[in-house]
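A.B. asks:
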Ligand code: CP3
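Numbering (my numbering), first residue to last: 278 to 645.
Structure below.
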């Protein structure tokens, strides 16, 4: 074994040769950022923090920009998507930008009739339920991602030494929207399809994996310094079903950026029993929701994987004293892991007072 040229899954190499010469990692601009040091399991110069859904309705400046512009329309206007990405970085002083887009954007760009309905989520006009439906799915051509890569380039230019995180939705979560036709609590049709017609499930999950992988890889090549895979609904699966029907397809997505020197973060909600399988799918960092203590997550993962999380979003409404006490406890529990990036256990709720977030970032940055 050549330890120098064969990075372990937990320690992405720091050389940036597989990336374009103008990528922030090739130029060394983001390489030593606290976020990336913690993701590599090194000691960062300060404690890194960012928030899932930090861009969006909690910010009045976001609501102002979105007046009269549909959600998915805003994702394909590069100047607008870049500006929305930057808003929370400027306002809160967080340690990363998360690219403003949505997990269904690559489906939309491939030609699927999907929209995001405010207060509901993604709605698919013609649900995909049969072998014939799957066979008719359009292939996404990377050329169709022009608005995405243009927006990423603007973001990284503006962000300078602050890393941009690119992201994608995992095949199970996206396939659930396609099969159910919209958000679902139990994912009954999706789970029934897996068991009743495993070949059609395989074809569908394979199509989603290709499509979402193309979206993720395009963001990294265009300038993102880290990649996060969101499998928001994976927690609805048993470990056996996750391992059989979801993990192999998520592994393909993570593998699509594994030749690039970026951390691969894998996050889901209610996934306490799936953490090891999510790591084994090819992640280098595991995002943990607020249901599991970080020191317990670290033990389950064998103490070798940097973690991200897991402040309970409900505490954003509990007053600064309770919030900061809880955040300090999360910091303490995270110290057991080889690296820790502070985040929430799920996204910022839309009615969060943004000043609570700004004060939380300042508190975490000042904490000894
Ligand atoms: O700040 C960020 O996190 C960056 C952008 C981002 C969005 N969606 C923007 C968005 C990211 C990373 C996502 C991921 C996403 N989208 C996930 C995975 C993460 C998670 O929350 O579990 C999922 C499941 C979706 C699908 C989706 N899109 C939902 C459930 C919703 C909410 C619908 C609603 O109105 O309650 C969306 C819409 C969406 N995506 C908004 C934003 C800012 C709100 C749209 C608006 O402003 O009207």
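Don't be surprised by glycine CBs; every beta carbon is placed ideally from N, CA and C.
Between 625, 611, 358, which lies nearest to residue 343 when the distance is taken from Cα to Cα?
C.D. replies: 358
A.B. asks: By DSSP, does residue 568 sit in helix, in strand, or in coil?
C.D. replies: It is coil, neither helix nor strand.
A.B. asks: In chain order, which continuous runs of the beta strand (DSSP E) of length 3 or greater are located wholly inside the region 413-456?
C.D. replies: 441-446
A.B. asks: Do you know offhand how far residue 283's Cα is from residue 535's?
C.D. replies: Low local confidence applies: a pLDDT of 41 at residue 283 is under 50, so the model's placement there is unreliable, and no value is given.
A.B. asks: According to DSSP, which residues form a beta bridge with residue 541?
C.D. replies: 504
A.B. asks: Taking 7 Å as the cut-off, is the CB of residue 547 close to at least one heavy atom of the ligand CP3?
C.D. replies: no
A.B. asks: Just how far apart, CA to CA, sit residue 406 and residue 496?
C.D. replies: 30 Å
A.B. asks: Under 8 Å: do the region 305-324 and the region 430-443 share three or more Cβ pairs, one atom per stretch?
C.D. replies: yes
A.B. asks: Name the two residues that bound the continuous beta strand (DSSP E) containing residue 392.
C.D. replies: 391-394
A.B. asks: Using only alpha-carbon positions, find the residue among 628, 620, 475, 645 that is nearest to residue 373.
C.D. replies: 620
A.B. asks: So that I know if they touch, is there some Cβ in chain B lying closer than 8 Å to that of residue 314?
C.D. replies: Here chain B cannot be found, since the structure has a single protein chain.
A.B. asks: Sorted by chain position, which residues of the same chain lie with C-beta nearer than 7 Å to residue 371's C-beta, five sequence neighbours on each side aside?
C.D. replies: 326, 327, 328, 331, 365, 638, listed in sequence order.
A.B. asks: Among 569, 520, 318, 595, whose alpha-carbon lies nearest the alpha-carbon of residue 558?
C.D. replies: 520
A.B. asks: Whole angstroms is fine: what's the gap from residue 289's alpha carbon to residue 633's?
C.D. replies: Confidence at residue 289 is low in this model, with a pLDDT of 46, below 50, so the placement of that residue is unreliable and no value is reported for it.
A.B. asks: Is residue 588 closer than 8 Å to residue 622 when the C-beta atoms are compared?
C.D. replies: Contact: yes.
A.B. asks: Examine the ligand CP3 and report whether any of its heavy atoms sits within less than 7 Å of the Cβ of residue 596.
C.D. replies: Residue 596 has its Cβ no nearer than 7 Å to any heavy atom of the ligand CP3.
A.B. asks: What I want to know is whether the C-beta of residue 647 ends up closer than 7 Å to one or more non-hydrogen atoms of the ligand CP3.
C.D. replies: Since the first residue of the chain shown is 278 and the last is 645, residue 647 is not available in this structure.
A.B. asks: The ligand CP3 and residue 331: does the residue's C-beta get closer than 7 Å to at least one heavy atom of that ligand?
C.D. replies: yes
A.B. asks: If residue 616 sits next to residue 367, beta carbons under 8 Å apart, how far is it from one beta carbon to the other, in whole angstroms?
C.D. replies: Contact between residue 616 and residue 367 is absent: CB atoms are separated by about 26 Å, not below the 8 Å threshold.
A.B. asks: For residue 512, name the three-state secondary structure that DSSP assigns.
C.D. replies: helix
A.B. asks: If I measure Cβ to Cβ from residue 540 and keep anything under 6 Å in the same chain, skipping five residues before and after, which residues do I get?
C.D. replies: 289, 316, 503, 561, 562
A.B. asks: Would you say residue 377 and residue 429 are within 8 Å of each other, going by their C-beta atoms?
C.D. replies: Residue 429 is positioned such that its CB atom lies no closer than 8 Å to that of residue 377.
A.B. asks: Pick helix, strand or coil for residue 644, following the three-state DSSP scheme.
C.D. replies: coil
A.B. asks: Do residue 554 and residue 595 come within 8 Å of each other at the CB atom, strictly closer than that value?
C.D. replies: no
A.B. asks: What is the C-beta distance between residue 493 and residue 533, in whole angstroms, given that I count them as a contact (C-beta under 8 Å)?
C.D. replies: Going by Cβ atoms, the distance from residue 493 to residue 533 rounds to 6 Å, so yes, they are a contact pair.
A.B. asks: Quick one: using the 10 Å Cβ neighbour count with 16 as the cut-off for buried, is residue 409 buried or exposed?
C.D. replies: Answer is exposed; the Cβ neighbour count stays below 16.
A.B. asks: For a test of your reading of the model: does the CB of residue 449 fall under 7 Å from any non-hydrogen atom of the ligand CP3? Yes or no.
C.D. replies: Checking the Cβ of residue 449 against the ligand CP3 gives no.
A.B. asks: Taking 7 Å as the line, does the beta carbon of residue 453 fall inside it for any heavy atom of the ligand CP3?
C.D. replies: no
A.B. asks: Take the Cβ of residue 513 as the centre, count every other Cβ of all protein chains shown within 10 Å, and call the residue buried at 16 or more, exposed below.
C.D. replies: buried
A.B. asks: Between the alpha carbons of residue 593 and residue 571, how many angstroms are there, rounded?
C.D. replies: Rounded to the nearest whole angstrom, the C-alpha separation of residue 593 and residue 571 is 19 Å.
A.B. asks: In chain order, which continuous runs of the beta strand (DSSP E) of length 3 or greater are located wholly inside the region 326-411?
C.D. replies: The qualifying runs are 391-394, 398-401.
A.B. asks: Within 10 angstroms of its Cβ, does residue 447 collect 16 or more other Cβ (buried), or is it exposed?
C.D. replies: Buried: at least 16 other Cβ atoms inside 10 Å.
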